[in-house]
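Q:
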Amino acid sequence: MSNREVRHHCGLFGVWGHEQASLVTHLGLYAQQHRGQESAGICTTDGQEMRRHVGMGLVNEVFNQTTLERINLPHAIGHVRYSTSGSSCETNAQPLMFQFAGGQVALAHNGTLTNAGDLRDECEQRGQIFQSTSDTEVIVHLLAEKACREDPGGLAKVLGRLEGAYSLLFLFLDRMVAVRDPMGFRPLCLGRTPSGAIVAASETCALDILDAEYIRDVEPGEIVTIDASGMHSQRFGPESPDRGGACIFEHVYFADPASNIFGENVHRVREETGRVLAREAPVDADLVIPIPNCARCAAIGYAAESGLPLGRGFTTSHYAGRSFIMPDQLQRDLAVKLKLNVIKDAVRGKRLVVVEDSV
5 MSNREVRHHC
15 GLFGVWGHEQ
25 ASLVTHLGLY
35 AQQHRGQESA
45 GICTTDGQEM
55 RRHVGMGLVN
65 EVFNQTTLER
75 INLPHAIGHV
85 RYSTSGSSCE
95 TNAQPLMFQF
105 AGGQVALAHN
115 GTLTNAGDLR
125 DECEQRGQIF
135 QSTSDTEVIV
145 HLLAEKACRE
155 DPGGLAKVLG
165 RLEGAYSLLF
175 LFLDRMVAVR
185 DPMGFRPLCL
195 GRTPSGAIVA
205 ASETCALDIL
215 DAEYIRDVEP
225 GEIVTIDASG
235 MHSQRFGPES
245 PDRGGACIFE
255 HVYFADPASN
265 IFGENVHRVR
275 EETGRVLARE
285 APVDADLVIP
295 IPNCARCAAI
305 GYAAESGLPL
315 GRGFTTSHYA
325 GRSFIMPDQL
335 QRDLAVKLKL
345 NVIKDAVRGK
355 RLVVVEDSV
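See the structure below:
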């Protein structure tokens with residue numbers, strides 16, 4: 005898959021006002037590891053300084069107790085990356101962190117900007133220098149322009165120039181900001197920990213691991229600012245009458261079955277798709293088997309609706325990553341071979357319904 009191809013999915017997590025913010029963010033990212041396995045990063049602040057640690061690999065490979073203690077400050081954002089644009093390297097690992105005339109800012113992005121190339125060209129023609137090849141950096145360059153820095157509505161104006169899919173977490177010295185694009189392509193929710201800290205996450209499964217209470221989703225076209233005075237909402241885009249922009253692949257593949265995405269439980273949606281498939285494509289068979297792991301929910305639905313027994317036709321390696329979100333086709337092909345092995349005695353001579361979520 006080339007750098008120009010669209011690949012949307014990463015995981016975001018942020019927390020405002022927790023004495024163990026780096027650890028909390030680490031746990032929130034760990035719960036969303038399925039959303040990105042190329043790199044992980046955390047940026048923290050106490051209102052006076054920012055600290056950042058990023059690296060290539062899984063969350064538990066990038067962070068240990070020493071690094072978490074070194075960067076710990078009471079406010080944090082974090083990111084797990086499945087590259088959407090730019091190469092797979094530490095330079096593009098997020099959150100990106102910048103110092104400019106308006107202060108310090110860190111940014112984590114889930115999505116792809118379809119006009120990033122044009123915006124980048126504009127910035128470079130004005131003499132701005134980019135540190136990465138990620139489309140995310142364009143947002144910070146626009147925000148750093150003098151006209152935006154001096155305008156209280158500068159962030160909304162920058163967002164109004166963006167096209168494509170984006171859920172964003174900004175970390176400034178004095179606030180955390182959560183944003184969803186006007187169509188609501190990517191998920192982003194808000195919660196509250198038992199200690200009262202406000203958290204933001206791509207998926208509700210990240211709230212569950214912290215025993216955090218779900219508050220609500222960030223609405224499409226909304227800017228939510230969390231600071232010392234509380235939580236504040238501002239619209240920057242028109243209200244969408246429906247959720248037509250929501251990415252169906254969230255429910256089909258990317259999200260954890262325990263998460264609620266776009267107002268619906270992922271497991272329930274997947275199971276219902278299996279039931280619908282059984283009604284639309286009934287067959288005479290001996291056994292229903294899923295391709296592990298995401299298709300298991302749909303296979304449960306197919307078996308329940310059809311009355312056919314549900315079985316297991318494959319074993320999976322617990323040490324292989326999610327094959328679809330590998331950075332290139334060769335790695336995806338190898339991952340499939342390493343990940344799946346047929347249980348021959350379980351399927352030999354049987355008429356099978358093989359359920360898969362993505363082909």
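In our numbering, the protein residues as written are 5 to 363.
Cβ coordinates follow ideal geometry from the N, Cα and C atoms, glycine included.
No experiment lies behind these values; they were computed from the predicted model shown.
For LEU147, which residues in the same chain have their Cβ closer than 6 angstroms to its Cβ, ignoring the five residues on either side in sequence?
A: So the qualifying residues of the chain are VAL162.
Q: Can you look up ILE252 in the DSSP assignment and give me helix, strand or coil?
A: Helix.
Q: Give the single residue among LEU31, PRO78, GLN103 whose Cα lies nearest to the Cα of GLN135.
A: The shortest Cα separation from GLN135 among LEU31, PRO78, GLN103 belongs to GLN103.
Q: Around the C-beta of LYS348, are 16 or more other C-beta atoms found within 10 angstroms, so that it is buried, or is it exposed?
A: It is exposed - the Cβ of LYS348 has fewer than 16 other Cβ atoms within 10 Å.
Q: Which runs of the alpha helix (DSSP H), 4 residues or longer, sit entirely within the stretch 23–93?
A: For the stretch 23–93, whole alpha helix (DSSP H) runs of length 4 or above, ordered along the chain, are 25–35, 63–66, 69–75.
Q: Considering only the beta carbon of each residue, do ARG55 and LEU33 sit closer than 8 angstroms?
A: No, they are not a contact pair.
Q: What distance in whole Å lies between the Cβ atoms of GLU94 and GLY40, which are believed to be in contact at a cut-off of 8 angstroms?
A: With a Cβ gap of about 14 angstroms, GLY40 and GLU94 do not count as contacting.
Q: List the whole-angstrom C-beta distance separating ILE295 from GLU360, where the pair is believed to meet the contact cut-off of C-beta under 8 angstroms.
A: Yes, they are in contact, since the Cβ atoms of ILE295 and GLU360 sit about 4 angstroms apart, within 8 angstroms.
Q: According to DSSP, is ALA204 helix, strand or coil?
A: Three-state DSSP puts ALA204 in a strand.
Q: Suppose contacts are defined by Cβ-Cβ distances below 8 angstroms. Is GLY366 in contact with PRO99 by that definition?
A: Residue 366 lies beyond the range of the chain shown here (5 to 363); nothing can be said about it.
Q: Looking at the secondary structure, which residues open and close the beta strand (DSSP E) in which THR137 lies?
A: Where THR137 is concerned, there is no enclosing beta strand (DSSP E), given that its DSSP letter is neither H nor E.
Q: Alpha carbon to alpha carbon, how far is GLY164 from PRO186?
A: Cα-Cα distance, rounded: 9 angstroms.
Q: Please report the straight-line C-alpha distance between LEU166 and LEU173, rounded to a whole angstrom.
A: Each residue's alpha carbon lies about 15 angstroms from the other.
Q: In angstroms with no decimal places, state the Cα-to-Cα distance between GLU254 and ILE265.
A: Approximately 7 angstroms between the Cα atoms of the pair.
Q: Quick check: the Cα distance between ALA201 and SER263, rounded to an integer number of angstroms?
A: Cα to Cα, ALA201 sits roughly 20 angstroms from SER263.
Q: For the stretch 207–218 against the stretch 138–145, do three or more pairs of beta-carbon atoms, one drawn from each stretch, fall closer than 8 angstroms, so that the two count as touching?
A: Too few Cβ pairs lie closer than 8 angstroms, so no.
Q: Between ARG190 and CYS251, which are expected to be in contact by the criterion C-beta below 8 angstroms, what is the C-beta distance as a whole number of angstroms?
A: Indeed they touch by this definition, with Cβ atoms about 7 angstroms apart.
Q: Report yes if the C-beta distance between ARG153 and GLY106 is below 8 angstroms; otherwise report no.
A: Taking 8 angstroms as the Cβ cut-off, ARG153 and GLY106 qualify as a contacting pair.
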